[in-house]
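**Q** Pasting a structure below so you can have a look.
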Amino acid sequence: MEAQYYKLLPFPFTTLESTLERFKGFFIGEMGQGLSQYEKITAKIVDSKKVKELIGSTMIRRTPPHAEDLIYIASSMFLLKFDLRYTALIALMVLKYWNDNANDFNSISSQYEVDNIANSILIELSNKLR
């Protein structure tokens, strides 16, 4: 996938994996959050009833999650209203969790399709900045 730039990120989107790795560094460093905050978000994703329901329903239907579903889950997981970068980060983290825990074992989507879902998340949230 060709690198794409969005107003939401200070770096290009290439793949889910590489973008999440860069986003993690950005979140911990430049956004002023720490590793412990990132780990708290990860733990909340793992324990989330909505994420478990998403994994179950996609495995039954054998279809990947939609960007809108991931954004909804990300924006509803925390009581505090986050800015769009937080929503993007959490939605991408949920997608990675789904990929690692449902898709890798069931081959629901190719990596290219997963990267396109991640790209769709960033497009949708970037469009809200206008």
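Going by the working numbering, 72 is the number at position 67 of the sequence shown; the sequence numbering is gapless.
Using N, Cα and C, we set each Cβ at its ideal position, and we do this for glycine too.
So Val56 and Tyr102 are supposed to be a Cβ contact under 8 Å. How far apart are they, rounded?
**A** 6 Å
**Q** How would you write the range of the alpha helix (DSSP H) that Glu44 sits in, first residue to last?
**A** Leu40 to Asp52
**Q** Taking Ile95 as the reference, which of Asp105, Lys49, Glu118 and Phe110 has the closest Cα?
**A** Lys49
**Q** Answer with buried or exposed for Ser62, where buried requires no fewer than 16 other C-beta atoms within 10 angstroms of its C-beta.
**A** exposed
**Q** Per the DSSP calculation, Gln9 is bridged to which residue(s)?
**A** Gln9 has Phe18 as its beta-bridge partners, per DSSP.
**Q** Grouping DSSP H, G and I as helix and E and B as strand, with all else coil, what is Arg66?
**A** helix
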